[in-house]
Amino acid sequence: MTPPIIEAADLAKRFGPTVAVDGISLEVPAGAVLGVLGPNGAGKTTMVRILTTLTIPDLGWARVAGHDVVRDPQSVQRSIGVTAQAATVDEVLTGRQNLVMIGRLSGLRRAAARARAVELLDEFELGDAADRVVGGYSGGMRRRLDLAAGLVTRPPVLFLDEPTTGLDPTSRLRMWTVIRGLLRDGVTVLLTTQYLDEADQLADRIVVIDHGRVIAGGTSEELKAEVGGARLQVTLSRADAAARDALSPFVSGPIRVSEDGLRLDAAVESLSGLATTVVRALDESRVTVDDVEVRRPSLDDVFFALTGHAAEEGAVPEEVAA
Amino acid sequence: MTRRLVDVAVLTGRNFIHIGREPLRLSDVTIQPILFTLLFVYVFGAGISVPGGSYADFAIAGLLALNLTTSAIGTAVGLSADLGSGVIDRLRTLPIWRPSVLVGRSLTDLLTAALCTAFVAGTGVLVGWRPDASAASVIAGFAVFLLFSYGLSWVCACLGLVSKDPESAQGLGLVILFPLAFVSNALVPTTHMPAVLRTIANWNPVSAVTAAARDLFGNPNPSAAIHAWPMQHPVTASVLWSVVLLVLFAPLASRLYRRRTTD
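Just so you know, the sequences run in chain order A and B.
When we follow our numbering, the leftmost residue of the first sequence carries the number 1, and every step to the right adds one.
When we follow our numbering, the leftmost residue of the second sequence carries the number 1001, and every step to the right adds one.
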């Protein structure tokens, strides 16, 4: 078996009285995408900063592409691409100048750096804005340039720290397409996010962190299974007290009824054929139904079950165009 | 070694792109020197008599000292602005030679100092400044200034590294550099200063550099009559001062940079 390309053991880091990372261990095999999911302040960024040589851990160790992040940062730096949460491109330079500069500083010769910049600008649909000053870019463009900046040397390992935080839904979808394109090239990615659907969409495996610790890990399916069965949601045409009695044989736990009596919601155990059975039972009780939905728990439910609080506190997407 | 040179050259180039984008940021080494030269020569020059020559002949070396000293604030401000932006994080994830950010900044400021020197000297010639020495000696005079300017930019790099933001770097620079520039022989002869100020002025590196340049330019140098050692050996003193600044503050800046960018 090939050794993991990112491995960390017992990483801990405190800033004054604040414990940012409190004993995180993780492994990412080559070619995999690990989603690190957690709310604001969970320690995701500090963890990424440790793995990308920007922050020195108080305890524990980490290796990226076989190199120790503390003892041999330059070798790590040669193997990684980083897209940080805060924009790290130079606002006064043009998109092209930024990429050429990074290429030159990464050891490319002038001509190679220029050629690579052109390639990346095209790939990230920034060709038209190539010679405009980055200060005038929209939030989405800036993120794409930042992502391109991390890819100049085609590194085998990529760190994406909340790549879509603060983007409007359209820019977010576009960013996802771009990231999926990268995954096809077989790079190893560690992606942090506070958006559950993002981890679900992009990552092979997910670890959930909260208060600087890993509180759960697995595939998205495994995490959902951990929370237990599915949920049944029934929408009635008219409020009808008979609906509750008709549903009760199929559900586990209490049935929640909305104030207007039109929506009923409950946990259920088995999924197979459930919707049909439920509709039939309601029909026999002469209850008219608009909609029956059996859904697997979302990662939102998972997060709530694991931490007792919602994941996306205060994380309202907004356009950050300047 | 070549890699280090490339890193420094690329980062120096970046600073020049910044300057090209906002040429007004260069006003302290272009417009200000012209303005100061005209103001001092015509306003102060009218009221100050200098033994052995015109005020313009006396003043130009002093104005070079004044402008180069005060414009060194730019190093502090520029470095502090960089530290406050995300760009430094990007640079830190690249396999570059760490001090190249600092060296690139100091080289940028050496080149803008040369520009400043040209503006003061050019304006000086227009208002009647005439060096009275060989070309080599005049060039040596400029070199003494640029060497000092380079040493001072490392002091200012340290100021930038200990400042929270560009505004406080500017403030801190002003508080340190203005007295340094003014409590000296740069603009008026020191003989009539109060005793304490006179002693400070005689040992001020700015005075040594100014006196050295006046000697090398062949311009009137009233400080030659002062017995303080730096005024008797101004060229040696100014080179020594510059080297001392470099030896003390370049490693200090490196260490402060390392500390500031490690967490």
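Backbone N, C-alpha and C define an ideal beta-carbon position, used for all residues, glycine too.
Computed from a prediction, not measured in an experiment: that's the story for all the values here.
query, result
"Ranges of the alpha helix (DSSP H) found wholly within the stretch 1190–1250 of chain B, counting only runs of at least 4", "1195–1203, 1205–1217 and 1229–1232"
"Cβ distance (whole Å) where serine 1134 of chain B is taken to contact threonine 1075 of chain B below 8 Å", "With 8 Å as the limit, serine 1134 of chain B and threonine 1075 of chain B do not qualify as a contact, their Cβ atoms being about 32 Å apart."
"C-beta contact flag for valine 1138 of chain B and serine 1238 of chain B at 8 Å", "no"
"Neighbour flag for glycine 1086 of chain B against chain A, beta carbons, 8 Å", "yes"
"Contact check, leucine 1180 of chain B vs threonine 1069 of chain B, beta carbons under 8 Å", "yes"
"Inter-stretch contact (C-beta, 8 Å, three-pair minimum) for the stretch 293–306 of chain A and the stretch 224–241 of chain A", "yes"
"Contacts that leucine 1094 of chain B makes with chain A (C-beta to C-beta distance below 7 Å)", "Gln77, Ile102, Leu105 and Ser106"
"Proximal residues to tryptophan 1203 of chain B (C-beta, below 7 Å), its chain only, five neighbours per side dropped", "Ala1228 and Pro1230"
"Arginine 184 of chain A burial status per 10 Å Cβ neighbour count (16 or more: buried)", "exposed"
"Counterpart residues of tryptophan 1181 of chain B in DSSP-defined beta bridges", "Before going further, note that residue 1181 of chain B is alanine rather than tryptophan in the sequence given. DSSP output for alanine 1181 of chain B lists no bridge partner at all."
"Proximity below 8 Å, CB of leucine 93 of chain A to CB of valine 134 of chain A", "yes"
"CA-to-CA distance, aspartate 210 of chain A to threonine 307 of chain A, given in whole angstroms", "8 Å"
"Contact between the stretch 50–66 of chain A and the stretch 129–143 of chain A (3+ Cβ pairs under 8 Å)", "no"
"In DSSP terms, what leucine 236 of chain A is bridged to", "A/Val289"
"Contained beta strand (DSSP E) runs [length at least 3] in the stretch 30–66 of chain A, N- to C-terminal order", "33–37 and 59–64"
"Pairwise C-alpha distance: glycine 1078 of chain B and leucine 1172 of chain B", "14 Å"
"Whole runs of the alpha helix (DSSP H) within the stretch 93–129 of chain A, excluding any shorter than 4 residues", "95–105 and 110–123"
"Valine 89 of chain A and leucine 145 of chain A closer than 8 Å at C-beta", "yes"
"Test: alanine 322 of chain A CB closer than 8 Å to a CB of chain B", "At alanine 322 of chain A the pLDDT is 32, less than 50, meaning the model places this residue with poor confidence; the figure from the coordinates comes in the next sentence. Closer than 8 Å: no."
"Residue burial classification, arginine 96 of chain A (beta-carbon count within 10 angstroms, cutoff 16)", "buried"
"Distance CB(threonine 52 of chain A)-CB(valine 21 of chain A) smaller than 8 Å", "no"
"Contacting residues, own chain, Cβ-Cβ under 8 Å from leucine 1170 of chain B (five flanking each side not counted)", "Strictly speaking, residue 1170 of chain B in this sequence is glutamine, with leucine absent from that position. Excluding residues within five positions, the ones whose Cβ falls inside 8 Å are Ile1073, Ala1076 and Val1077."
"Inter-residue CB distance, valine 187 of chain A and leucine 158 of chain A (contact presumed, cutoff 8 Å)", "5 Å"
"Within 8 Å of chain B by C-beta, residues of the stretch 78–94 of chain A in sequence order", "Arg78, Ile80, Val82, Ala84, Ala86, Ala87, Thr88, Val89, Asp90, Glu91, Val92 and Leu93"
"Spatially closest choice to valine 1206 of chain B from B/Pro1251, B/Lys1164, B/Gly1218 and B/Phe1178, by CA coordinates", "B/Phe1178"
"Closest by C-alpha distance to asparagine 1067 of chain B, when choosing among B/Asp1165, B/Lys1164 and B/Leu1039", "B/Leu1039"
"Amino acids of chain B, ordered along the chain, whose beta-carbon sits closer than 7 Å to that of leucine 54 of chain A", "Asp1089, Arg1092 and Thr1093"
"Burial state of serine 1049 of chain B (16 or more Cβ within 10 Å)", "exposed"
"Interface flag, alanine 129 of chain A vs chain E, CB-CB below 8 Å", "Annotation note: the requested chain E is absent from the structure, which comprises protein chains A and B."
"Cα-Cα separation between leucine 1246 of chain B and glycine 1151 of chain B, rounded to whole angstroms", "5 Å"
"Neighbour-count burial assignment, glutamine 74 of chain A, 16 or more Cβ in a 10 Å radius", "exposed"
"Own chain residues within Cβ distance below 7 Å of arginine 1014 of chain B, not counting five before or after", "none"
"Neighbouring residues, chain B, relative to glutamine 97 of chain A (Cβ below 7 Å)", "Ile1017"
"According to DSSP, residues forming a beta bridge with lysine 13 of chain A", "A/Val21"
"C-beta neighbour in chain B for alanine 62 of chain A, strict 8 Å", "no"
"Closest residue to leucine 26 of chain A among A/Val36, A/Arg116 and A/Asp68 (Cα-Cα distance)", "A/Val36"
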